[in-house]
Amino acid sequence: MKLSIEAATGLVQWYDTNKRPLPWRDTGNPYDVWLSEIMLQQTRIEAVREKYILIHNTLPDIASLAACDEQTLLRLWEGLGYYTRARNLHRCAITLMEQYGGKLPADYEQLLKLPGIGPYTAGAISSIAFGIPVPAVDGNVMRVIARLFEITEDVRNPSTKAMIEEMISSLFTTVRDAHFVSSFNQGIMELGETVCLPNGEPHCYKCPLQHYCKAMKTGSWKQLPYRSPLRKRTIQNRTLLIIRDSDRFLIHKRPSTGLLAGMYEFYGVDEHLSRKQAIEKAGELGFFPLSIHSLPSSKHIFTHLEWHMKAYEIIVADASDFCKDDFLLVDAKQLADLPIPSAFRTYTYTYALRTEKNG
Ligand code: SF4
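For the sequence shown, the numbering used here assigns the number 17 to the initial residue and increments by one for each residue that follows.
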């Protein structure tokens, strides 16, 4: 299997003519490529676009990102999920300021050593920002190539990805021009996002690769790419206790490692509690509830886990003396400024702590 130069050149020309105008595209700034690539990991372009503009306007370069405090970045990041990305972005910016003169290195291997930058992102930054001839293979690229050559191997298998990377590397040994490299890598991703679609019928009639594509000829695009089934998500029942007095809410800070590390949350336990049990739990924390109200249930889906949440609002007389590690008492204004994951969106909306739908 070999990508022909004619097919690749057709793709580059198609991309140069048809690419969507995106705020991070063609700015000539490696920071923009890096920031957008991190934000786009496992997140749709539509969800990223406005957030990208907000974060970029607030933190326009590596120096400002490194200088901001992590909580500010997490607050800006709210709604995008996968908060480890934001933490790594911050750590990486600090490393770049301390060790790389405030610039992203124009070197694939050095990029790989930086926090939060794996092979795909290093390939994307290298090729898009610096024109370095290395592949950047994501799910879109794998789908297009699997259909183009009717590759039936499991795309979850690292050896399938390695084979596709090898194919693109081999193309780049023949054509090393920086514009070609950048437009080819972006073009094949763009094709996967806009033409060779993951769900539903691909728009083969407008595909620049249609004359080379085996799956189009045989109709096998329906089965490709092949992905072995994922293991089922674990369901975790939770009960949130939203404990408050007239002025303040009790907020818990999650542990510094693991799921939603270091984020703030409404205190919760990993089981469904009855009202009576919820009152007892509040008592164990040292509160004497005056009243308790059920709030709407909600569900939040992580990659391998689903939280099925019940919630109670528990009113207490005065929480002033409460003092315990990892807990805070904050008023509504302070609470609105804390990074609270979108998993708790139902309840931040209940208290009008958040207003924007993606916030
Ligand atoms: S011809 Fe169709 S199936 Fe083949 S790569 Fe293009 S859009 Fe995908």
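Every residue gets a Cβ at the ideal spot worked out from N, C-alpha and C, and that includes glycine.
- In this structure, Phe303 keeps its C-beta atom at 7 Å or more from the C-beta atom of Ile331.
- Residue environment for Ala348: exposed (fewer than 16 other C-beta atoms within 10 angstroms of its C-beta).
- In terms of CA proximity to Arg243, Ala162 leads the group Ala162, Gly117 and Asp48.
- DSSP places Asp48 within a helical segment (H, G or I) once states are collapsed to three.
- Annotated as proximal: Leu127 and Ala138, with beta-carbon spacing under 7 Å.
- Of the residues Ala178, Pro271, Ala327 and Trp323, the one whose Cα lies closest to the Cα of Phe343 is Pro271.
- Here the alpha carbon of His324 sits roughly 19 Å from the alpha carbon of Tyr98.
- Ala327 has Leu256 and Leu311 as its beta-bridge partners, per DSSP.
- Distance check between Pro76 and each of Glu329, Gln57, Glu22 and Trp40 places Trp40 closest, using alpha-carbon atoms only.
- By the neighbour-count criterion, in which 16 or more other beta carbons inside 10 Å mark a residue as buried, Asn201 falls on the buried side.
- Here the alpha carbons of Asn104 and Leu96 stand approximately 14 Å from one another.
- In terms of Cα proximity to Tyr283, the closest of Phe360, Leu90, Trp50 and Ile167 is Phe360.
- Out of Glu125, Asp286 and Met183, the CA that lies nearest to the CA of Ser20 is found in Met183.
- When Asp334, Tyr280, Val346 and Pro224 are compared, the shortest CA-CA separation from Pro355 is found for Tyr280.
- Going by DSSP, Arg36 is part of no alpha helix (DSSP H) at all; its letter is neither H nor E.
- Excluding the 5 residues flanking it on each side, Asp123 has no same chain C-beta neighbour closer than 7 Å.
- Judged by their CB atoms, Ser80 and Tyr68 are not nearer to each other than the 7 Å cut-off.
- Contact check for Ile54 against Arg91 fails: the beta carbons are separated by 7 Å or more.
- Assigned with DSSP and collapsed to three states, Tyr280 falls in strand.
- In this structure, Ile141 places its C-beta atom within 7 Å of the C-beta atom of Trp50.
- As the crow flies, the alpha-carbon of Val197 is around 32 Å from that of Thr319.
- Beta-bridge pairing by DSSP links Pro305 to Val332.
- The alpha-carbon of Leu164 is positioned some 15 Å away from that of Asp154.
- Proximity of the beta carbon of Trp237 to the ligand SF4 is indicated: a heavy atom of the ligand is located closer than 6 Å.
- In the assembly as shown, His227 is an exposed residue. Its beta-carbon has fewer than 16 other beta-carbons within 10 Å.
- Beta-bridge partners assigned by DSSP to Ile356: none are found.
- With distances taken between CA atoms, His268 lies nearest to Leu301 out of Glu66, Thr362, Leu56 and Leu301.
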